[in-house]
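In what follows, a structure is listed as structure tokens, so that the remarks can point back to it.
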């Protein structure tokens, strides 16, 4: 057996070895978290692109399928307005509002993240982006409540200091 001093020296070496391993593990865990984050971001981007490409390719397949087979009449629900004459609507010009490229990108990203709106055609998405206008609200204003029925689309551009959900304060997203 070694002397007390030899044992203490061996213990110190093992402790240092463990510290180095812990540091390496921490470094690898951080790298893994970053890669997981990147994978999630890329997966979201891929989903966005698929949602845009999928409707375009489906239209091509549908057009060729309709030419090959006889079309049978069916009853369906239409999402088009019936109270307006479609020819009158073709003369309507939508107001466009100037905005920065960053704002346009933020709005487009929000639309593509929306389960319903991501299926719109790119030209429709671009028109929505162009027609959206800025609105400022006073501090502590209630903009929309969860569960409310509405016909407006909101895209938040500013970082909020404090948010509430179901009367509970949420942590500051900038932290």
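Numbering (the numbering used here), first residue to last: 366 to 540.
Just so it is clear, CB atoms sit at the ideal spot from N, CA and C, and this is done for glycine as well.
Within the same chain, show all residues whose beta-carbon is closer than 7 Å to that of residue 502, passing over the 5 residues directly before and after it, in chain order.
-> Within the chain shown, the letter at position 137 stands for residue 502. So the qualifying residues of the chain are 508.
Buried or exposed for residue 518, please, with buried defined as at least 16 other CB atoms from any protein chain shown within 10 angstroms of its CB.
-> Here residue 518 refers to the residue found at position 153 of the chain shown. It is exposed - the Cβ of residue 518 has fewer than 16 other Cβ atoms within 10 Å.
Output the residue ranges of the alpha helix (DSSP H) runs that lie fully inside the segment 448-518 and measure 4 residues or longer, sorted by chain position.
-> 451-454, 466-478 and 487-496
For residue 469, I'd like the list of residues in its chain whose CB is within less than 7 Å of its CB, leaving aside the five on either flank, ordered along the chain.
-> In the chain shown, residue 469 corresponds to position 104, counting from 1. These residues qualify, in order along the chain: 494.
Is DSSP giving residue 378 helix, strand or coil here?
-> The residue you call residue 378 lines up with position 13 of the chain shown. Reduced to three states, the DSSP call for residue 378 is helix.
Measure the C-alpha to C-alpha separation of residue 456 and residue 417 and round it to an integer number of angstroms.
-> Residue numbering aside, residue 456 sits at position 91 when the chain shown is read from its first letter. Residue numbering aside, residue 417 sits at position 52 when the chain shown is read from its first letter. Cα to Cα, residue 456 sits roughly 28 Å from residue 417.
Can you give the Cα-Cα distance for residue 379 and residue 520, rounded to whole angstroms?
-> In the chain shown, counting from the first residue as 1, residue 379 sits at position 14. In the chain shown, counting from the first residue as 1, residue 520 sits at position 155. Those two C-alpha atoms are separated by around 55 Å.
Alpha carbon of residue 460 to alpha carbon of residue 513, nearest angstrom = The residue given as residue 460 occupies position 95 in the chain shown. The residue given as residue 513 occupies position 148 in the chain shown. Cα to Cα, the separation comes out at about 27 Å.
So, are the CB atoms of residue 471 and residue 402 less than 9 Å apart?
-> Walking along the chain shown from the start, residue 471 turns up at place 106. Walking along the chain shown from the start, residue 402 turns up at place 37. Taking 9 Å as the Cβ cut-off, residue 471 and residue 402 do not qualify as a contacting pair.
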